[in-house]
Amino acid sequence: MSDDIPTITLAETENYVAWLSEEPDDEHVIHLELGAMTLHFFREEWLELVRLVQDAAKNVS
15 MSDDIPTITL
25 AETENYVAWL
35 SEEPDDEHVI
45 HLELGAMTLH
55 FFREEWLELV
65 RLVQDAAKNV
75 S
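Taken in order, the sequence shown gives residues 15 to 75; the numbers are from this note's numbering.
In structure tokens:
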């Protein structure tokens, strides 16, 4: 059995990458690499963050 965890790149820019991993317990985790820092989110947390960023983007002039 392989120890490799399946991953999918969701989006990528020159400086950032978002990717998804399917953990051994069937939980999906979204990883957001921001330079030297990586943030890890469960699906519910990720969706909340996306809503936050979308709302914040509406208020940027």
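Cβ atoms here follow ideal geometry from the backbone N, Cα and C, with glycine treated the same way.
Check                                                                                                        : Outcome
Burial state of ILE22, where buried means 16 or more other Cβ atoms lie within 10 Å                          : exposed
Outcome for ILE19 when other beta-carbon atoms lying within 10 angstroms are tallied against a minimum of 16 : exposed
Beta bridge counterpart(s) of SER35 as assigned by DSSP                                                      : THR21 and VAL43
Proximal residues to TRP33 (C-beta, below 8 Å), its chain only, five neighbours per side dropped             : THR21, ILE22, THR23, LEU24, ILE44, HIS45 and GLU47
For HIS42 and ASP65, believed in contact at Cβ under 8 Å, the rounded distance                               : Position check: residue 65 holds Arg in this sequence, whereas Asp was assumed. Not quite, the Cβ-Cβ distance comes to about 18 Å (not below 8 Å), so this is no contact.
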